[in-house]
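Chemist: If you read the sequence shown in our numbering, its first letter stands for residue 6, the second for the next number, and so on. Right, I'll just put the structure down here and ask away after.
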Amino acid sequence: MAKKAKTSSKFSEDWLPIKSIQNGMIILEGNYLVTGIKIEPKNIFILDEQSQNNVIFNLRNFYNIINYEFWLIVADRPVDINLYLSQLHLQFEEAPTQIARKLVAQDIEKAELFGSGVVNAVDTEYYILFRDKSTEVLQKRVQTLISQLASTGLVSRQVSQDDLKFLLQNFLNGGVKNDFGTVMSNV
């Protein structure tokens, strides 16, 4: 008797061992949980040379004390300047002089260029993710990493559900957000 070939999914998402995303964690098959921290970027190149060296030295020490498997992820997110544009339009309407209106109009033109796709404006985001089967272990690691990064002069926080969804979309869809299968309503 011939075996029937098993139909394979066309979608890479179906191959991933992800059950769900809840409470700032990715829940995997096998009862593993993945969470982590998001690190706010800091431009060290505007600092003097000694300060740059201190930040690099502190980061090296920070990475060397992590004694478990982790993933360092760098991802680009398209810049959303809609709020900034709205504020500029309000400033334009309230400008007291023609010169001020002209300056604000020039700023609006520049901002619209960034939002148009002609300029590929992105925010670079930094994440450290890790996994374990214990929620308590994960929360302790998150708090420890946040405090250690604070001692290096960097600001960080635990990843949110939106952060985790963004990371998955970034890897699976090239950063393009889609709402396939999502029920939308105007409430």
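Every residue gets a Cβ at the ideal spot worked out from N, C-alpha and C, and that includes glycine. Values in this document were obtained by computation on a predicted structure and should not be read as measured data.
1. So what does DSSP say about T187, is it helix, strand or coil?
2. Exposed or buried, what is V188 when buried is set at 16 or more other beta-carbons lying within 10 Å of its beta-carbon?
3. Excluding the 5 residues flanking E54 on each side, which residues of the same chain have their C-beta closer than 6 Å to its C-beta?
4. With a floor of 4 residues, list each alpha helix (DSSP H) that falls wholly inside the region 86 to 134, ordered by position along the chain.
5. Between the Cα of K138 and those of E117, I26, N36 and K24, spot the shortest distance and give me the residue it belongs to.
6. Can you name, in chain order, every residue of its own chain whose Cβ lies under 6 Å from the Cβ of W76, other than the five neighbours on each side?
7. I think F97 touches Q153, with their Cβ atoms under 8 Å apart; what is that distance to the nearest whole Å?
8. Quick one: what's got a C-beta closer than 7 Å to G186's C-beta in the same chain, skipping five residues either side?
9. Thinking A126 and V84 are a contact (beta carbons under 8 Å), I'd like their distance in whole angstroms, please.
10. Taking only three categories from DSSP, how would you classify T140?
11. Quick test of your reading: L150 and S161, contact by CB under 8 Å. State the CB separation rounded to the nearest angstrom.
12. Grab the span of the alpha helix (DSSP H) containing D168 for me, first residue to last.
Modeler: Considering the structure as presented:
1. Bear in mind that the predicted position of T187 carries a pLDDT of just 45, short of 50, making it too unreliable to give a figure here.
2. For V188, the predicted model reports a pLDDT of 44, less than 50, meaning its position is unreliable; a value from the coordinates is still stated below. Classification for V188: exposed.
3. none
4. Counting only runs that start and end inside the region 86 to 134, the alpha helix (DSSP H) elements of at least 4 residues fall at 87 to 99 and 103 to 121.
5. Among E117, I26, N36 and K24, the Cα nearest to that of K138 is on N36.
6. Once the five neighbours on either side are set aside, the close Cβ partners of W76 are L134.
7. Contact doesn't hold; Cβ gap of about 45 Å is too wide.
8. Caution applies to G186, whose pLDDT of 47 falls short of 50 and renders its modelled position unreliable; the value that the coordinates give is listed next. Within its own chain, no residue has a Cβ closer than 7 Å to the Cβ of G186 once the five positions on either side in sequence are excluded.
9. 4 Å
10. helix
11. 7 Å
12. Residues Q166 to N178.
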